[in-house]
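Read top to bottom, the protein sequences are chains A and B. Under UniProt numbering, think of the first position of the first sequence as 1, with each following residue one higher. Under UniProt numbering, think of the first position of the second sequence as 1, with each following residue one higher. All C-beta atoms in this analysis are idealised placements derived from N, C-alpha and C, irrespective of residue type, glycine included. Quantities reported herein were computed from a predicted structural model and do not represent experimental measurements. Presented below is the structure to which this report refers.
Number of protein chains: 2
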Amino acid sequence: MSTAEETDGGSAPWAEVTPEAARRLLVAAVEAFAERGYHATTTRDIAGRAGMSPAALYIHYKTKEELLHRISRIGHDRALFVLEAAADGGGTAAERLAEAVRSFVRWHAERHTTARVVQYELDALGEEHRTEIVELRRKSDAVVRRIISEGVQAGEFDVPDIPGTTLAVLSLCIDVARWFNAQGSRTPDEVGDLYADLVLRMVAAKR
Amino acid sequence: MSTAEETDGGSAPWAEVTPEAARRLLVAAVEAFAERGYHATTTRDIAGRAGMSPAALYIHYKTKEELLHRISRIGHDRALFVLEAAADGGGTAAERLAEAVRSFVRWHAERHTTARVVQYELDALGEEHRTEIVELRRKSDAVVRRIISEGVQAGEFDVPDIPGTTLAVLSLCIDVARWFNAQGSRTPDEVGDLYADLVLRMVAAKR
DNA sequence: CCCGAACCTGAGCAAGCGCTTAGGGTCCGT
DNA sequence: ACGGACCCTAAGCGCTTGCTCAGGTTCGGG
């Protein structure tokens, strides 16, 4: 199945993963996990996609779960980085919120293969690894909540339930990874713009 | 693991599934699939939760996949029924949209165990069964799109991108099944009210 | 020319998987 | 009293799984 899909989008995808053989395995694992899910993917499938024998996987990674952890960790780091960059970009709260949603959604759409694994295969991680990842997600939550809170205090926003609205905004963005299809009619930029508009409407002060 | 969880919420949960032994198995499968995912769940686990031997499962269901299909089919039927009831309830487009979101979200929160299986284990279905379910999902989409379109035509709503906004509304509601936690601080009713408010803001005409 | 480190493979092990089969209780109508 | 329909289990088959290990290939430095 699958030609090359798109290996994964944009700028320097997994450059930090070395050596090259380990990166090939990781990229293969991302594709396989995204297509079939972690539990339905076999180590033979991953190794095969990377053009290696099953045994080669265990030279670079201790277990299949470690592969998922590495993917999840790097993916969450990047998604959080994108969010924080927008939050620290300056401007009004509305401008910062719009930019945060726009770039966070764009990331989930452009890299939807990675994002699907990162966002929906969390339960397959072991206890320790999962708590580490959950901590990163709390930080994403804090970033969005902070922008919304500041917007409320500045009188830009009208938000009766700040934690609830924060949750809804993040939920909306994350779910893009589930339904986004590269062959579909929308580009990542278009989805980002649409979602930024929708979120601004959700928090807008009544006039 | 797990005491009784809550077997699944409210009114006559799986009454239409007979005989009783088949229902017990199905309820056990819903719990197991929701906790661990379809592929990580074994037939031995399902049978064990239902208090039977592994072989008993195959008297009532031909395969493990058939169990998932039955769950998915019934779940989608119910969710769609809830949506359509609200859509046909009368009133302004805003009232109907609010009620649709409120009850759809409430369903996903109250029955989040079932909903998680229904919404997130679709890929595990076989080709034929999956296309059958996808058809039901298209109907949900059509229901929401229709309300929004009518609201726009009546001048109640201002929605530049009707298909995109429809997608976002459904995505927001469905994702409740992923994060909702019965032990959390919010009741299904509260989440339903919050989300109905947020969605109305998304489509509201500017004043 | 050879050595050792780095990297990879073929073969396969123990365990667990979905599913089957032969047979045994239980309870009904007669 | 008893035959048969119904429902269940113990045992296990054939296969795949995650993972291991002994050994082969490649390559730079001496």
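Spatial neighbours of residue i in its chain, beta-carbon cut-off 8 Å, leaving aside the 5 residues before and after
i, result
"ILE162/B", "ARG145, ILE148, SER149 and VAL152"
"GLY51/A", "ARG24"
"VAL118/A", "ILE71, SER72, GLY75, HIS76, ALA79 and ALA177"
"VAL199/A", "LEU97, ALA98, VAL101, VAL169 and LEU172"
"VAL143/A", "LEU80, LEU83, GLU84, ALA87 and ALA100"
"ASP123/B", "ARG130"
Where residue i sits in the DSSP three-state scheme
i, result
"ALA15/B", "coil"
"PHE104/A", "helix"
"LYS62/B", "coil"
"ALA182/B", "coil"
"GLU121/B", "coil"
"ASP45/B", "helix"
"TYR38/A", "coil"
"GLU20/B", "helix"
"ARG73/A", "helix"
"THR187/B", "coil"
"ALA50/A", "coil"
"THR165/B", "helix"
"GLY192/A", "helix"
"THR113/A", "helix"
"ASP88/A", "coil"
"GLY126/B", "coil"
Cβ neighbours of residue i in the same chain (closer than 7 Å, five flanking residues each side left out)
i, result
"HIS69/B", "LEU125 and HIS129"
"ALA196/B", "ALA98, VAL101 and ARG102"
"GLY89/A", "ARG96 and GLU99"
"ALA86/B", "ARG96, GLU99, ALA100 and SER103"
"ALA21/B", "HIS60"
"ASP45/B", "ALA32"
Distance, residue j Cα to residue i Cα
i, j, result
"ALA47/A", "ALA205/A", "53 Å"
"LEU167/A", "ASP141/B", "23 Å"
"ALA79/B", "THR114/B", "11 Å"
"PRO19/B", "TYR61/B", "12 Å"
"ARG137/A", "ALA154/B", "41 Å"
"VAL105/B", "VAL27/B", "22 Å"
"ALA55/B", "GLY37/B", "21 Å"
"GLU35/A", "THR131/B", "17 Å"
"LEU43/A", "ILE174/B", "Just to set this straight, residue 43/A is Thr in the shown sequence, not Leu. One C-alpha to the other measures close to 32 Å."
"LYS64/A", "SER53/A", "14 Å"
"TRP14/B", "GLU66/B", "16 Å"
"ASP193/B", "GLY164/A", "11 Å"
"residue 248/A", "GLY91/A", "Here chain A covers residues 1 to 207 and nothing more, so residue 248/A does not appear."
"THR41/B", "VAL30/B", "10 Å"
"VAL159/A", "ARG201/A", "11 Å"
Which residues DSSP lists as bridging residue i, in chain order
i, result
"PHE157/B", "ALA204/B"
Cβ-Cβ separation, residue j to residue i (assumed contact under 8 Å), whole Å
i, j, result
"PHE33/A", "GLU110/A", "No, PHE33/A and GLU110/A are not in contact; Cβ-Cβ is about 18 Å, not under 8 Å."
"HIS39/A", "HIS39/B", "4 Å"
"ALA94/B", "GLU156/B", "5 Å"
Sequence-distant residues of the same chain with beta carbon closer than 6 Å to residue i, five excluded per side
i, result
"ARG116/A", "ALA34 and ALA177"
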